[in-house]
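Single-structure report; data block below.
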Amino acid sequence: MTTLLARRFGETRTTPATDPFGASSAVRAYLEGALDALAAVPLDLGGTPFQMRVWAELRRIPYGETVSYGELAAALGKPSAARAVGAANGRNPVALVVPCHRVVRSRGELGGYAGGLDRKRWLLDHERRWRRAGSETAAAAGC
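If you're matching positions, the sequence shown starts at 9 in this note's numbering and goes up one per residue.
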């Protein structure tokens, strides 16, 4: 991890931490089915203004749903910027918290993902399964 951080941000000094922002706890909760747990993780991503807009829009995509690069570009008011959206998506520094796995190619194909297509598929299936389970639980409770 230290090597990856050094490549991305240059030489830095790291100190061990005990999950000061709750990120580890949030990821654990997400994996256990509390999909909204990641929304509480504070972010300071340091991207360009366009990247920041793309990453904010990614966080608005509902769990388990997908949009195409073109649809995301259109949602940003830049319908011809699908490739730029893809580039920003690829520069996402926190792939699980900023859910770039929810973006697909124009025909609905999964396309690329830094963690691999199997992981992208797993994340989408995980979200769909827990979202569906949450809906069934809410319906059973009369919500």
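Beta carbons: idealized from backbone N, C-alpha and C, even for Gly.
Extent of the continuous alpha helix (DSSP H) run through residue i
{"i": "S114", "result": "Taken as a continuous stretch (DSSP letters only), S114 belongs to no alpha helix (DSSP H), as it is neither H nor E."}
{"i": "N97", "result": "90 to 98"}
{"i": "L118", "result": "No alpha helix (DSSP H) contains L118, which DSSP labels as neither H nor E."}
{"i": "L80", "result": "77 to 83"}
{"i": "R67", "result": "It is not in any alpha helix (DSSP H) - R67 carries neither H nor E in the DSSP assignment."}
{"i": "L39", "result": "31 to 39"}
Rounded separation between residue i and residue j - CA only
{"i": "R1", "j": "R127", "result": "With the chain covering 9 to 151 only, the question about residue 1 has no answer from this structure."}
{"i": "E79", "j": "V93", "result": "10 Å"}
{"i": "V75", "j": "S33", "result": "28 Å"}
{"i": "R68", "j": "R15", "result": "29 Å"}
{"i": "P57", "j": "V102", "result": "17 Å"}
{"i": "R113", "j": "V62", "result": "16 Å"}
{"i": "R137", "j": "E40", "result": "11 Å"}
{"i": "P87", "j": "A95", "result": "15 Å"}
{"i": "V105", "j": "V35", "result": "8 Å"}
{"i": "E73", "j": "A82", "result": "17 Å"}
{"i": "H134", "j": "G55", "result": "28 Å"}
{"i": "A45", "j": "G123", "result": "21 Å"}
{"i": "E117", "j": "R129", "result": "11 Å"}
Close-in-space but distant-in-sequence residues of the same chain around residue i (CB under 6 Å, 5 per side omitted)
{"i": "N97", "result": "C108, V111"}
Residue i - DSSP class collapsed to helix/strand/coil
{"i": "V62", "result": "helix"}
{"i": "V106", "result": "coil"}
{"i": "V49", "result": "coil"}
Nonlocal neighbours in the same chain, by C-beta distance under 7 Å from residue i, ignoring five residues either side
{"i": "M60", "result": "L53"}
{"i": "A31", "result": "V49"}
Notebook entry, point to check: Just checking, does the stretch 50 to 61 make contact with the stretch 123 to 143 on the three C-beta pairs under 8 Å criterion?
Noted result: For the pair of segments examined, the stretch 50 to 61 was found not to touch the stretch 123 to 143: the number of CB pairs separated by less than 8 Å stays below three.
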